[in-house]
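Asks: Quick one: this structure, given as C-alpha cells, is what I'll be asking you about.
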Amino acid sequence: MAVFQTIQTQEAPSNTKGVAHWIRVNLFSTPANIAMSFTAIALLFWIIPPFVQWAYVDANFVGDTREDCTGGGACWVFIKMKLDMFMYGFYPAIEVWRLKTALVLFLFVIAAFKYLKNNKLIFLVFSLYMVVAYILVSGGYFGLETVPTNKWGGLMLTIVVATVGIVFSFPIGIIIAFGRASSLPVIRSICVTYVEFIRGVPLITILFMSSIILPLFFPEGMTFDKLLRALIGITFFQAAYVAEIIRGGLQSIPQGQYEAADAQGFSYWQKMLLIILPQALKVAIPNLVGAFISLLQDTTLVLIIGLFDLLAMVRVASADSSWIGMETEGYVFVTFVFWAFCYFMSLYSKKLEYRYNTNLK
Amino acid sequence: MKKDNIIEIKNLNKWYGDFHVLKDINMQVKKGEIIVVCGPSGSGKSTLIRCINYLEQFQKGSITVDGIEVVDDIKKIKSIREDVAMVFQHFNLFPHLSIIDNLTLAPIWVKKKSKKEATDIAMKYLERVGIADQVDKFPNQLSGGQQQRVAIARSLCKNPNVMLFDEPTSALDPEMVSEVLDVIVELASEGRTMICVTHEMGFAKKVAHRVVFMDEGQIVEENTPDKFFDSPESDRLKLFLKQILSH
C-alpha cells in the first residue's frame, strides 16, 4: 500500500472567478434570470435619462430670482435662495453661527467615538455634548440670547427632534425591556401594558395627546413648551418600540449566560448591564437602527401640531408668492436630504455591527 | 452537624411543576473530598449540584455549605456563590469579552479587586491551564477544549473552597476530552472539595474518593471507586455499569 502523502493546496480553476464569471452566474444564469436582468436594465434606461435631463442638463443653477430660471428643467435657484430657511427655519440669521458650531462639535464627537474605547468616556463626552448643544441652540446662558422654540424649524428642528427622541428613548426602552423580562409580575405587567398601549396607538394620536390633552392635566396658567411636549410624546412612543427590539435581543441570549453570571456572584444589575445587555444590543443593532431611521422619517409628523420641520418648510417656502409652483424642486431636495441621513445611519449600523462582532475577529 | 463536613444535604426534594426530580436526597461531603456523581440522563444529578449554588430552587429539605444555609436570601446566596464555583457543560464563557476580560470581570465587579490584581490572578490560572498565550482572543476563536479550560480558570479566580463540575466534557469532541480531564485531575491533587457530574469512569476511578449513582431522582448507591466498580450491589447499577463499560 502507498504511503500517505499530504496534497499541496492548489488554486481554484480560472473559469470559476472574475467579472465574466460573476455576470454569468448572477445575471444570466437561467432564462428567468436573463428576462429579469433585461427588464431591470430597461427600467433604468426609462427612468434615469429623463431625470438627469430635468435635474441637471436643463436645470438652472445661477441667478437669484424666479426669472433667472429660463431652462425647461429644475429651478435649483429656489433651493439656493431658500436654503437658510430649509436649514434653520425662522432662527434669527445673526444667531445661526450657534447652530453651525453645534453641528461642527457633533461631527467631532462622532469622529471621536472611533478612537474612544472606554464606554464610560463615550458616555461622558456625549452627555457633555448634549448640554453644550442645548445651551448653544436654545440660549439663555453665558450671554447667549434665548431663541424661543417657535423660531426653530427646518432641518435643524428635524435633527433636534430625531436626536432627542433617539437618545432618550434608548435608555427608557432598555429599562422597559428589562421590566418585561423581569420575574416580578407587577413590574412585568406594567411594562407589558405600556408597550401594548403605545404600540396600539398611531404616533399622530400620541402627538395630539401630548400637545392638547397633556396640558389639561397641568395646573391652570402653567404653560409648557410645545416642542418639549412633542419631544416627550415622541420619546415615550419610540421607547416602546426600542423596548420590543431589545426584548428580542434579550431572548436570543442563552440561559447559560445568566447561569454563568449567577454562579460567579454577580448582582442582578451587574449581570444585566455587564453580561446580558451588551450581547443583546449586538444582536439588536440592525433592528434598532431600522427603528431610528423610521423615527427620523416620522419626525415630519410634527407638522400637524404646528411645528415646522424640513418637510413643512418646503410648503412654507413654496407658498411665497414670488416662488409659486416650486414644490417639485423642494420635495426632491428634501427627499435627497432624508435619504442621505438615513443612508448614513445605515452605514453607521454596519460599522457598529462589524466593530462588535467577536465571532470573526 | 459534624465540623469537617463542608456540604450537608438533608431530605432534599425538588419538583418541576408536578414532576418529582429529586427525592429525599441525603448527602454529606467532607472538606477536600472528591465526589463523582453518575447516572442515566434525567436522573437528577445535574439538578442536584445546581441546587448547591442555588441555580435551582428546591421545595423541601435543606442544604448547608460551609455553615451557611442555602435559602432565598440575597446575602447568603452571594456568600455561598463566592465560595462555590461551577463549571458548565457548555462552558458559558461570555462571548462578547476577550479571554482575559472573561476572567477578570467577576473579581473586579464582585470582589472589587483592582484591575491589575485581577489580571495577575487571572494570568496565574490561565498559565496553569495552558492558555496564557491566547488571552486577547475571543471565546469563539478557541476550540471547545480550550474554552472549557478557560472556564475552569475563570472559576478558579475566586479561589473557591468547593468546585462543581456539571458534565464538563460531555460537549467536547473526543480528541479534546483528555486535555480538560488532565486539568481537573491536577486540580484534584490540591485538596479542594469537588463534586463532578460525569460519565468518564476512568476519571472517576483515578481521582474520586466516592462515587454516587443516581436514578429517578434518588441516590441508589454510593461507595469508594474500588467497590463501586468491582462489586456493585444493586441491579440497577450493575445494568448501568454494564451498559457504559461494555465497549
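Residue numbers (numbering that gives the first Met the number 0), protein chains in the order written: chain A, 0 to 360; chain B, 0 to 246. Ideal Cβ placement from N, Cα and C applies to all residues, glycine included.
1) Output the distance between the C-alpha atoms of ILE48 of chain B and GLU81 of chain B, rounded to the nearest integer angstrom.
2) Using CA atoms only, rank isn't needed, just tell me which of A:VAL282, A:PHE216, A:CYS190 is closest to ALA238 of chain A.
3) Assuming GLY153 of chain A and THR145 of chain A make a contact with CB atoms under 8 Å, what is their CB distance in whole Å?
4) Applying the 10 Å Cβ sphere with the 16-neighbour rule, what's the burial state of ASN52 of chain B?
5) Report the neighbours of ALA105 of chain B on chain A: residues whose CB is nearer than 8 Å to its CB, in chain order.
6) Since I believe PRO167 of chain B is in contact with GLN147 of chain B (beta carbons under 8 Å), could you give me their beta-carbon distance rounded to a whole number of angstroms?
7) Do we get a CB-CB distance below 9 Å when we pair THR334 of chain A with the residues of chain B?
8) For GLY255 of chain A, which residues in chain B fall below 7 Å Cβ to Cβ?
9) Starting from the N-terminal side, write out each stretch of the beta strand (DSSP E) that is 3 residues or longer and does not extend beyond the stretch 10–64 of chain A.
10) Where does VAL163 of chain A sit, in a helix, a strand or coil, going by DSSP?
11) Quickly, what does DSSP pair THR63 of chain B with across the bridge? List them, please.
12) Have a look at LEU361 of chain A and ARG97 of chain A and give me their C-alpha separation to the nearest angstrom.
13) List the residues of chain B that LEU273 of chain A touches, going by C-beta distances under 8 Å, in chain order.
14) Give the interface partners of GLU258 of chain A over in chain B, defined as CB-CB distance under 9 Å, in chain order.
15) For LYS114 of chain B, which residues in chain A fall below 7 Å Cβ to Cβ?
16) Is LEU156 of chain A closer than 9 Å to VAL301 of chain A when the C-beta atoms are compared?
17) Given 8 Å as the limit, is there contact between the stretch 170–179 of chain A and the stretch 230–245 of chain A, that is, 3 or more CB pairs closer than that?
18) Quick check on LEU106 of chain A: does DSSP put it in helix, strand or coil?
19) Could you tell me whether any Cβ in chain B is nearer than 9 Å to the Cβ of GLN250 of chain A?
20) Measuring straight from C-alpha to C-alpha, what distance separates ASP63 of chain A and THR148 of chain A?
21) Assess contact between the stretch 152–165 of chain B and the stretch 86–93 of chain B, defined as three or more Cβ pairs (one per stretch) separated by less than 8 Å. Is contact present?
22) Are the stretch 308–319 of chain A and the stretch 81–92 of chain A touching, with three or more C-beta to C-beta distances below 8 Å?
23) In chain order, what residues of the same chain lie with their CB nearer than 8 Å to the CB of ALA229 of chain A, ignoring the 5 residues before and after it?
24) Per DSSP, PHE89 of chain A is paired with what?
25) Which ranges would you report for the beta strand (DSSP E) in the stretch 151–232 of chain A if only whole runs of at least 3 residues count?
26) With a CB to CB cut of under 8 Å and the five nearest residues on each side skipped, what residues in its chain are close to ILE134 of chain A?
27) Pull the bridge partners of CYS50 of chain B from the DSSP assignment, please.
28) Look at the alpha carbon of PHE77 of chain A and the alpha carbon of ILE171 of chain A, and state the distance between them as a whole number of angstroms.
29) Can a CB atom of chain A be found closer than 9 Å to the CB of ASN4 of chain B?
30) Cα-Cα, which of A:LEU226, A:LEU310, A:MET325, A:PRO253 is closest to PHE93 of chain B?
31) Using a Cβ cut-off of 9 Å, pull out every chain B residue sitting near GLN79 of chain A, in sequence order please.
32) Can you give me the start and stop residues for the alpha helix (DSSP H) that LYS123 of chain B sits inside?
Replies: On the basis of the supplied data:
1) 16 Å
2) A:CYS190
3) So it is not a contact: roughly 19 Å between Cβ atoms.
4) buried
5) GLN263, GLY264, PHE265
6) 6 Å
7) no
8) PHE87, HIS89, ASN91
9) none
10) helix
11) B:GLU7, B:GLU68
12) As displayed, chain A neither begins before 0 nor continues past 360, which places residue 361 of chain A out of reach and without an answer.
13) LEU104, TRP108
14) ARG49, LEU54, MET85, PHE87, ASN91
15) Those do not exist, as LYS114 of chain B stays about 12 Å from chain A at its closest Cβ, beyond 7 Å.
16) yes
17) yes
18) helix
19) Using a Cβ-Cβ cut-off of 9 Å, GLN250 of chain A does not count as an interface residue toward chain B, since no Cβ of chain B sits closer than that to its own.
20) Approximately 30 Å between the Cα atoms of the pair.
21) yes
22) yes
23) VAL160, LEU206, SER209, SER210, VAL301, ILE304, LEU306
24) Paired residue(s): none; PHE89 of chain A is not in a bridge.
25) none
26) TYR140, PHE141, LEU143
27) Paired residue(s): none; CYS50 of chain B is not in a bridge.
28) 42 Å
29) no
30) A:PRO253
31) The displayed chain sequence assigns Lys, not Gln, to residue 79 of chain A. In chain order: nothing, as chain B lies at least about 49 Å away.
32) LYS123 of chain B -> alpha helix (DSSP H) spans 114–127.
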